[in-house]
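S.K.:
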Amino acid sequence: MWWLDLGAPQWECVHFGGAGRGREFQDKARQAHLFVAQASLGGVEDERGLIARIAAPLPFPATFVATWDGLHDGLGDLRGMIGAPGLALVLTDCRPLWTRAPELCGMLMELWLSAAYRWSLDRSPTQTVPGRPFHLFIQW
2 MWWLDLGAPQ WECVHFGGAG RGREFQDKAR QAHLFVAQAS LGGVEDERGL
52 IARIAAPLPF PATFVATWDG LHDGLGDLRG MIGAPGLALV LTDCRPLWTR
102 APELCGMLME LWLSAAYRWS LDRSPTQTVP GRPFHLFIQW
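Numbering-wise, the sequence shown is residues 2 to 141 according to my numbering.
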């Protein structure tokens, strides 16, 4: 059973688990009316591939630039574009990249936490308290 209220802003915004937990996470995120997206990191070899895979299921504008700065800006801009109170992104097939390029995954964690902070300052039209849910699930 999922123990966090995914519909509320949380500092616990990066989650790890297997496929069963990933499905449970997605179900709970949908119940919270979050925008849910999924991307496979299978076969990703480098920074450019990682950013492209993360960006693919998200409604970034055509002007999106596939760099760390572009991803950070794009994730922040999604606050006004997704039509939902928050975001939940599930990345599947992560183990190979995590073991092969831990520094790349560390950069993603740093970027995600920075973007989560920006979302924490925002107010969803459906919430009376500041902050918007912004979650990442790393599925092994």
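Ideal placement from N, C-alpha and C gives every residue a C-beta, glycine not left out.
What residue range is occupied by the uninterrupted alpha helix (DSSP H) comprising residue 142?
M.R.: Residue coverage of the chain in this structure runs from 2 to 141, which leaves residue 142 outside it and unanswerable.
S.K.: Run through the stretch 91-116 for me and flag every whole alpha helix (DSSP H) of 4 or more residues, listed as ranges in chain order.
M.R.: Those alpha helix (DSSP H) runs which fall completely within the stretch 91-116 and span 4+ residues are 96-101.
S.K.: Which residue marks the beginning of the alpha helix (DSSP H) containing residue 51, and which one marks its end?
M.R.: Segment 48-56, the alpha helix (DSSP H) holding residue 51.
S.K.: Give a yes or no on contact between the stretch 23-41 and the stretch 78-86, applying the rule of three or more CB pairs nearer than 8 Å.
M.R.: A contact exists between the stretch 23-41 and the stretch 78-86.
S.K.: Considering only C-alpha positions, which residue in the set 116, 26, 93 and 64 is nearest to residue 80?
M.R.: When each option's Cα is compared against that of residue 80, the closest is 116.
S.K.: If you follow the alpha helix (DSSP H) that residue 27 is in, where does it begin and where does it stop?
M.R.: Run containing residue 27: 20-32, per the alpha helix (DSSP H) assignment.
S.K.: Could you give the first and the last residue of the continuous alpha helix (DSSP H) run that contains residue 76?
M.R.: Taken as a continuous stretch (DSSP letters only), the alpha helix (DSSP H) holding residue 76 covers 69-78.
S.K.: Decide if residue 8 is buried, meaning its Cβ has at least 16 other Cβ atoms within 10 Å, or exposed.
M.R.: Buried.
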